[in-house]
Amino acid sequence: MCQSNPEPMAQNVSVKPGTIDTKKSYTKFERMMFMNKKYKVAIVGATGLVGRTILKVLEEKNFQNVEYTLFASEKSAGKKIEFLGTNYIVCKLEENSFDSGFDFAIFSAGGSTALKYAPIAASKGCVVIDNSSAFRMKSDVPLIVPEVNKEKIFENKGIIANPNCSTIQAVLPLKVLDDKYKIKRIVYSTYQAVSGAGKKGLEDLESGENGKFYNNCVPQIDVFLDDGYTKEEHKMIDETRKILDKPDLLITATAARVPVMNCHSESINIEFETEVDVYEAKMLLQNTDGIILTDDIDNNIYPLARKVDGYNEVFVGRVRRDFSVRNGLNLWVVADNLRKGAATNAVQILEVLINH
Ligand code: NAP
Ligand code: 2RA
Numbered sequence: 431m432c433q434s435n436p437e438p439m440a441q442n443v444s445v446k447p448g449t450i451d452t453k454k455s456y457t458k459f460e461r462m463m464f465m466n467k468k469y470k471v472a473i474v475g476a477t478g479l480v481g482r483t484i485l486k487v488l489e490e491k492n493f494q495n496v497e498y499t500l501f502a503s504e505k506s507a508g509k510k511i512e513f514l515g516t517n518y519i520v521c522k523l524e525e526n527s528f529d530s531g532f533d534f535a536i537f538s539a540g541g542s543t544a545l546k547y548a549p550i551a552a553s554k555g556c557v558v559i560d561n562s563s564a565f566r567m568k569s570d571v572p573l574i575v576p577e578v579n580k581e582k583i584f585e586n587k588g589i590i591a592n593p594n595c596s597t598i599q600a601v602l603p604l605k606v607l608d609d610k611y612k613i614k615r616i617v618y619s620t621y622q623a624v625s626g627a628g629k630k631g632l633e634d635l636e637s638g639e640n641g642k643f644y645n646n647c648v649p650q651i652d653v654f655l656d657d658g659y660t661k662e663e664h665k666m667i668d669e670t671r672k673i674l675d676k677p678d679l680l681i682t683a684t685a686a687r688v689p690v691m692n693c694h695s696e697s698i699n700i701e702f703e704t705e706v707d708v709y710e711a712k713m714l715l716q717n718t719d720g721i722i723l724t725d726d727i728d729n730n731i732y733p734l735a736r737k738v739d740g741y742n743e744v745f746v747g748r749v750r751r752d753f754s755v756r757n758g759l760n761l762w763v764v765a766d767n768l769r770k771g772a773a774t775n776a777v778q779i780l781e782v783l784i785n786h
């Protein structure tokens with residue numbers, strides 16, 4: 431069995447006798463701390479753009495009672511990655527990789543890897559949080575954005591899906607506005623960064639004029655389906671309905687790739703059942719966990735991809751009425767697709783699981 435961390439962390443938790451309050455009910459995480467036991471967590475796809483961002487977010491979270499093993503494909507097996515102040519060795523993902531008793535795994539290694547290995551991991555008692563689209567629309571797989579539907583995490587049967595990056599950033603503002611004004615229809619138009627396509631997307635932009643994205647705006651992300659929409663557009667439509675638990679919600683989408691390294695920007699046009707007040711809507715957005723309202727047009731201030739890069743929050747601005755319909759609102763929504771669109775969201779789900 432591959433040993434990813436050659437210098438296992440010293441047990442940095444010690445509980446002095448008498449410091450446990452026997453009358454208090456402790457979380458599983460706290461009980462693990464008392465027992466000096468560590469959760470075993472696998473990071474699958476640790477060498478990828480999302481995988482590396484997961485490692486950064488985990489370093490920032492600094493969970494004390496977790497031991498990690500990093501996996502990737504055969505190509506990366508044996509490579510060293512600096513993580514938590516030590517050099518981790520990347521292990522090759524294999525069918526027996528989960529035999530050693532993992533509690534949780536975060537997968538960011540694409541759909542075919544997830545389809546093959548996530549069920550194996552789940553069958554061995556490991557709860558998988560998967561970043562690919564492989565399981566998102568399965569009825570027995572919760573599709574989670576913690577600020578929106580955290581309670582559904584515990585309906586999992588071994589696999590939890592992380593939504594598509596462009597969907598995650600949209601549903602935060604949509605949820606709070608839906609709770610207040612009841613959404614009738616959504617029109618998405620996206621301007622998505624090349625990092626959304628992984629390492630090959632960044633390499634394409636870096637290759638300059640030889641690439642597809644340099645000096646361009648490409649109205650195709652992923653493959654075209656029979657109805658003329660792309661798979662990315664369908665992901666936004668279908669996943670939004672599932673997360674908001676509104677299977678019949680009217681939604682249309684156009685998703686485009688722009689020559690931006692990182693951070694997806696979205697124009698979201700919303701029509702509501704009830705009257706919407708712009709000032710009140712801004713206050714609701716401002717007071718929502720995970721959203722940063724950035725809206726001061728007198729000073730030309732609105733969310734910008736370059737400024738949002740590296741943040742875990744969703745930035746919302748240009749909040750204004752759509753006067754073409756009775757109860758319409760327009761938003762400009764920007765988020766770091768590698769962080770809140772993937773890594774941060776997955777680590778937030780892990781945090782809920784380990785704190786339970
Ligand atoms: P990426 O940069 O191309 O990385 C892919 C990762 O998967 C690498 O670590 C790669 O390992 C690993 N991998 C590939 N085949 C494997 C196998 N057979 N066994 C084990 N590991 C394997 O892609 P990414 O952008 O990080 O995306 C990863 C996943 O997250 C995809 O499902 C993607 O759709 C999803 N996602 C991405 C974003 C985003 O903004 N990029 C947002 C949301 C969701 P090697 O280095 O060894 O090849
Ligand atoms: C993209 N949202 O931007 C998709 C998948 N990460 O390509």
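Start counting the sequence shown at 431; every next residue gets the next number (the working numbering). We put the CB at the ideal spot given by N, CA and C, even for glycine. In this text the structure is predicted, and so the values were computed from the model without any measurement.
For G740, the closest C-alpha among the options N492, V471, L734, R769 is that of R769. With a cut-off of 7 Å, the C-beta of C595 is classified as near the ligand 2RA, since at least one heavy atom of the ligand falls inside that distance. In this structure, F565 has its beta carbon at no less than 7 Å from each heavy atom of the ligand NAP.
When distances are taken from the beta-carbon of V474 to the heavy atoms of the ligand NAP, the shortest one is below 7 Å. Between N640 and E705, the CB-CB gap reaches or exceeds 8 Å.
By the criterion of at least three beta-carbon pairs nearer than 8 Å, the segment 476-495 is in contact with the segment 768-786.
The nearest non-hydrogen atom of the ligand NAP is less than 7 Å from the C-beta of S503. Pairing I613 with L602 gives a Cβ-Cβ distance that is not under 8 Å.
The beta carbon of G588 sits closer than 7 Å to those of A552, V557, V558, all from its chain and outside the five residues before and after it, given in chain order. Each residue's CA atom was taken as its position, placing E710 and F565 some 37 Å apart. When the beta-carbon positions are compared, L714 and V578 stay at least 8 Å from each other. Judged by DSSP secondary structure, D752 falls within the beta strand (DSSP E) whose first and last residues are 744-752. Within the chosen limit of 7 Å, the ligand NAP does not reach the beta carbon of K770 with any heavy atom. Taking 8 Å as the cut-off, the beta carbon of M666 is found no closer than this to the beta carbon of A686. Distance from the Cα of S563 is smallest, within the candidate group I550, N586, A539, G555, for A539.
According to DSSP, R615 shares a beta bridge with L680, E701. Counting the other Cβ atoms within 10 Å of the Cβ of Q599 gives 16 or more, which makes it buried. In the DSSP annotation of this structure, the continuous segment of the beta strand (DSSP E) that includes A765 starts and ends at 758-765.
Nearest neighbour of A623 by Cα position, chosen from P572, G631, K676, turns out to be G631.
If you draw a 10 Å sphere on the C-beta of Y456, you find fewer than 16 other C-beta atoms in it, and that means exposed.
At least one heavy atom of the ligand NAP is found less than 7 Å from the C-beta of V480. When only Cα atoms are considered, V653 and D678 end up about 24 Å apart. Between D608 and N692, the CB-CB gap reaches or exceeds 8 Å. One Cα belongs to S754, the other to E701, and the distance between them is close to 10 Å. A residue is called buried once 16 or more other Cβ atoms fall within 10 Å of its Cβ, and D529, having fewer, is exposed.
About 7 Å separates the CB atoms of L523 and S503; that is less than 8 Å, so the two are in contact. Closest option to V690, judged by alpha-carbon separation, among R736, I681, T718: R736. Taking C-beta atoms under 8 Å as the contact rule, F534 and G475 fail to qualify, at a distance of about 15 Å.
Per the C-alpha coordinates, the member of S625, G555, K568 positioned closest to N592 is K568.
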